[in-house]
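Report on the following structure.
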Amino acid sequence: MSTANRSIVIIGGGIIGSSIAYYLTRHPLLADTAVHLLEASSIAAGSSSKGGGFLASDWHDRNTASLGKLSFELHDELAREHDGQRNWGYRRLDTLGVEVNMDKARRKNVSGAESWLGNVTSARNIGGDQTTAQVHPYQFTHALVAAAQERGLTVHLAAAEGLTFADDGETLTGVTAVSNQGGEEINILATDVVFAAGPWTGKLAEKLLGDRAGAAAGIVPSGRSTSIVLRSAKPISPHALFMEVHPIPAAAAKCTPEVYPRPDGTVYVCGIAAREAAVPLPERAHQVVHSEKAAKLLRAHMAAIAPEAFGEKEEVEVVAEQACYRPNSSETGGPIIGKIREGIWMASGHQVWGILMGASLRPSRRRAFVRARDLD
Numbered sequence: 001m002s003t004a005n006r007s008i009v010i011i012g013g014g015i016i017g018s019s020i021a022y023y024l025t026r027h028p029l030l031a032d033t034a035v036h037l038l039e040a041s042s043i044a045a046g047s048s049s050k051g052g053g054f055l056a057s058d059w060h061d062r063n064t065a066s067l068g069k070l071s072f073e074l075h076d077e078l079a080r081e082h083d084g085q086r087n088w089g090y091r092r093l094d095t096l097g098v099e100v101n102m103d104k105a106r107r108k109n110v111s112g113a114e115s116w117l118g119n120v121t122s123a124r125n126i127g128g129d130q131t132t133a134q135v136h137p138y139q140f141t142h143a144l145v146a147a148a149q150e151r152g153l154t155v156h157l158a159a160a161e162g163l164t165f166a167d168d169g170e171t172l173t174g175v176t177a178v179s180n181q182g183g184e185e186i187n188i189l190a191t192d193v194v195f196a197a198g199p200w201t202g203k204l205a206e207k208l209l210g211d212r213a214g215a216a217a218g219i220v221p222s223g224r225s226t227s228i229v230l231r232s233a234k235p236i237s238p239h240a241l242f243m244e245v246h247p248i249p250a251a252a253a254k255c256t257p258e259v260y261p262r263p264d265g266t267v268y269v270c271g272i273a274a275r276e277a278a279v280p281l282p283e284r285a286h287q288v289v290h291s292e293k294a295a296k297l298l299r300a301h302m303a304a305i306a307p308e309a310f311g312e313k314e315e316v317e318v319v320a321e322q323a324c325y326r327p328n329s330s331e332t333g334g335p336i337i338g339k340i341r342e343g344i345w346m347a348s349g350h351q352v353w354g355i356l357m358g359a360s361l362r363p364s365r366r367r368a369f370v371r372a373r374d375l376d
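Heads up: the sequence shown is residues 1 to 376, going by the UniProt record's numbering.
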C-alpha cells in the first residue's frame with residue numbers, strides 16, 4: 001500500500017501514544033501518511049501527568065535492559081533537540097537509597113541535602129547523573145504532541161467506540177468515536193490502529209476486537225497509586241530519594257516512599273498506600289480520584305523526614321493530590337509492542353517505566369512498522 005493512502009489512528013493520548021505520534025510524523029517513509037491521536041479525556045490525563053517522571057538507564061531486568069538503556073539515551077537526545085531542560089524539566093540528578101528509622105535518635109546528614117533532609121538514619125548513592133534523570137511527565141507529553149501537530153498530527157478528544165472493516169471482515173477501514181465535548185460521532189478513515197491506552201488497553205481492545213484482541217486483552221491495570229506535589233519556601237536540592245521506613249505506620253498497607261524534587265521548586269512524593277478497600281479503574285482517566293488517607297500519610301512522611309522544609313511550622317503549599325493507574329501485562333510482566341494482526345498494533349504494559357520507555361518508540365528508519373513479535 002502507498003503511504004499516501006495510509007491513515008494511522010493511535011488510541012491513547014498518554015506518553016506512549018504521544019511518543020508514537022511524534023515519531024510517526026517524523027518518519028521519512030510516512031511523509032504523506034495521515035496520523036491521528038484519539039484520546040477519551042485529555043492529553044496526559046492519567047499516569048502521564050501524575051507519574052513521577054524518574055528515568056534510569058540500568059535499573060531493568062535482562063528482558064528490558066537494552067530497551068531501558070536506549071530509552072535513557074533517547075530522552076537525552078530529545079531534550080537536546082527540543083530544549084527539554086526548559087520545556088519539560090529534564091535534568092540529570094543523583095539518586096539516593098535512604099533508610100528512615102523513626103525509633104532511632106541518631107540522625108545522619110546527607111551531603112548536599114543538609115538544608116532540607118534532616119531525619120534519616122542512613123543514605124547511600126544508588127544512581128548518579130550518568131544513569132538517572134527526570135522529566136516533568138505532563139510537560140514532556142504535551143511537548144511531544146505539540147511537536148507532532150507541527151508535522152501534521154490531528155488530535156481528537158473523543159472516545160473510541162468501534163472499528164469498521166471492509167467486506168472481507170479483515171481489512172481495517174476506519175475508527176468511530178464519540179466526542180467528549182459535544183457528543184457527536186466522529187468517523188476517521190484508518191488503515192492502521194494502535195492500541196496505546198495505558199491501563200485501559202485491555203478493556204478497550206476486548207470491546208473493539210472481541211476474541212481477536214490477542215495480547216492486548218492481557219493488559220490489566222495496577223492498583224491505584226496516590227501521589228502529592230508540595231512546594232516549600234526552602235530550597236530543595238536535586239536528589240531523588242527511594243526510601244525504606246521503619247516502623248511502617250499502622251495506617252499504611254505499603255510504605256516505600258519515593259521523593260522527586262523538580263526544577264520548578266516542587267517536590268513529587270509517592271509510594272505510600274493506605275489500608276483501605278481497593279478502588280477499581282474507572283471508565284475514563286479524568287474520573288480517577290486519589291486516596292485522602294494515602295495523601296495524609298505522604299504529607300506526614302515529608303514532615304517527619306524534612307521538618308525544616310515540610311514541617312507543620314513551615315510554609316508548605318500542597319500543589320496537587322492525585323492518583324493514577326499503570327498498565328501491566330498479565331502475560332509477560334513487561335511491555336508488549338508490536339503487531340496483533342494486519343492493521344492492528346499495540347504498545348502497552350510498561351508498568352512504572354512508561355515515561356522512560358516512551359522515548360524508545362521510534363520505528364526503524366527503513367521500515368515504518370517493525371513486527372516486534374507475533375502477538376496472536
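A virtual CB, placed ideally from N, CA and C, is assigned to each residue, including glycine.
Going by beta-carbon coordinates alone, are residue i and residue j separated by less than 8 Å?
{"i": "ALA160", "j": "ALA148", "result": "no"}
{"i": "VAL175", "j": "VAL193", "result": "yes"}
{"i": "GLU206", "j": "GLU342", "result": "no"}
{"i": "GLN55", "j": "HIS75", "result": "The sequence shown places Leu at residue 55, rather than the Gln named in the question. Yes. Within cutoff."}
{"i": "LEU356", "j": "GLY162", "result": "no"}
{"i": "MET102", "j": "PRO235", "result": "no"}
{"i": "THR131", "j": "SER57", "result": "yes"}
{"i": "ALA323", "j": "LYS293", "result": "no"}
{"i": "SER47", "j": "GLY198", "result": "yes"}
{"i": "ALA216", "j": "PHE195", "result": "yes"}
{"i": "MET302", "j": "LEU204", "result": "no"}
{"i": "GLY218", "j": "GLU99", "result": "no"}
{"i": "SER179", "j": "ILE186", "result": "yes"}
{"i": "GLU276", "j": "ALA295", "result": "no"}
{"i": "PRO263", "j": "ARG124", "result": "no"}
{"i": "SER19", "j": "GLY358", "result": "yes"}
{"i": "ALA233", "j": "ASN119", "result": "no"}
In angstroms with no decimal places, state the Cα-to-Cα distance between residue i and residue j.
{"i": "GLU317", "j": "LEU117", "result": "18 Å"}
{"i": "ALA274", "j": "THR256", "result": "12 Å"}
{"i": "GLY53", "j": "PRO280", "result": "24 Å"}
{"i": "GLY214", "j": "PRO249", "result": "42 Å"}
{"i": "GLY182", "j": "GLY12", "result": "19 Å"}
{"i": "SER329", "j": "PRO335", "result": "7 Å"}
{"i": "GLY349", "j": "SER122", "result": "34 Å"}
{"i": "ILE8", "j": "SER291", "result": "37 Å"}
{"i": "ALA21", "j": "ARG6", "result": "14 Å"}
{"i": "ARG26", "j": "LYS108", "result": "50 Å"}
{"i": "ALA34", "j": "GLY152", "result": "8 Å"}
{"i": "ALA158", "j": "GLY14", "result": "14 Å"}
{"i": "GLY84", "j": "GLY265", "result": "17 Å"}
{"i": "GLU73", "j": "GLU315", "result": "38 Å"}
{"i": "ARG86", "j": "LEU144", "result": "14 Å"}
{"i": "ALA347", "j": "LEU298", "result": "32 Å"}
{"i": "ARG326", "j": "GLN351", "result": "5 Å"}
{"i": "ARG212", "j": "ALA253", "result": "38 Å"}
{"i": "ARG362", "j": "ALA79", "result": "15 Å"}
{"i": "ARG373", "j": "TRP353", "result": "Note on ARG373: pLDDT 40, under 50, position unreliable in the model; the coordinate value appears next. If I take the Cα positions, the gap works out to 20 Å."}
{"i": "ASP376", "j": "ILE340", "result": "A caution first: ASP376 carries a pLDDT of 33, below 50, which makes its placement in the model too unreliable to give a value."}
{"i": "LEU241", "j": "THR64", "result": "23 Å"}
{"i": "ARG371", "j": "SER360", "result": "Any reading at ARG371 must be qualified, since the residue scores a pLDDT of 42, below 50, and its modelled position is unreliable; the value itself is stated next. When rounded, the distance between both Cα atoms is 15 Å."}
{"i": "GLU150", "j": "LEU208", "result": "30 Å"}
Please report the residue range of the beta strand (DSSP E) in which residue i lies.
{"i": "ARG62", "result": "Careful: ARG62 lies outside any beta strand (DSSP E) and carries neither H nor E."}
{"i": "residue 396", "result": "Nothing can be reported for residue 396, as the shown portion of the chain is limited to 1 through 376."}
{"i": "LEU241", "result": "239 to 246"}
{"i": "ALA323", "result": "316 to 324"}
{"i": "ILE186", "result": "185 to 189"}
{"i": "GLY162", "result": "154 to 165"}
{"i": "GLY354", "result": "Not the beta strand (DSSP E): GLY354 falls in the alpha helix (DSSP H), residues 354 to 357."}
{"i": "ALA252", "result": "252 to 261"}
{"i": "ALA177", "result": "172 to 179"}
{"i": "SER348", "result": "344 to 348"}
I need the boundaries of the alpha helix (DSSP H) containing residue i, first residue and last residue.
{"i": "residue 449", "result": "Here the chain covers residues 1 to 376 and nothing more, so residue 449 does not appear."}
{"i": "VAL35", "result": "Segment 34 to 39 is the beta strand (DSSP E) holding VAL35; no alpha helix (DSSP H) there."}
{"i": "SER49", "result": "47 to 50"}
{"i": "ALA309", "result": "307 to 310"}
{"i": "HIS142", "result": "137 to 150"}
{"i": "ILE20", "result": "15 to 24"}
{"i": "GLY218", "result": "Here GLY218 belongs to no alpha helix (DSSP H), and DSSP marks it neither H nor E."}
{"i": "GLN85", "result": "84 to 87"}
{"i": "GLY97", "result": "Taken as a continuous stretch (DSSP letters only), GLY97 belongs to no alpha helix (DSSP H), being part of the beta strand (DSSP E) at 94 to 101."}
{"i": "GLY202", "result": "201 to 209"}
Please look up how many angstroms separate the CB atoms of residue i and residue j, rounded, as I've assumed it's under 8 Å.
{"i": "ALA190", "j": "THR173", "result": "7 Å"}
{"i": "ALA133", "j": "LEU93", "result": "6 Å"}
{"i": "HIS239", "j": "GLY127", "result": "That belief does not hold up - the Cβ atoms of HIS239 and GLY127 are roughly 10 Å apart, past 8 Å."}
{"i": "LEU30", "j": "LEU38", "result": "About 18 Å separates the two Cβ atoms, so there is no contact after all."}
{"i": "PRO261", "j": "SER237", "result": "7 Å"}
Stretch-stretch touch, CB-based, cutoff 8 Å, three pairs: the stretch 296 to 308 with the stretch 279 to 286: No: fewer than three Cβ pairs fall under 8 Å.
Check whether the stretch 120 to 139 touches the stretch 43 to 57, taking contact to mean three or more Cβ pairs, one atom from each stretch, closer than 8 Å. Remark: three or more beta-carbon pairs, one from each stretch, lie closer than 8 Å, so the stretch 120 to 139 and the stretch 43 to 57 are flagged as touching.
Does the structure place the stretch 216 to 232 close enough to the stretch 255 to 271 that three or more beta carbon pairs sit under 8 Å? yes
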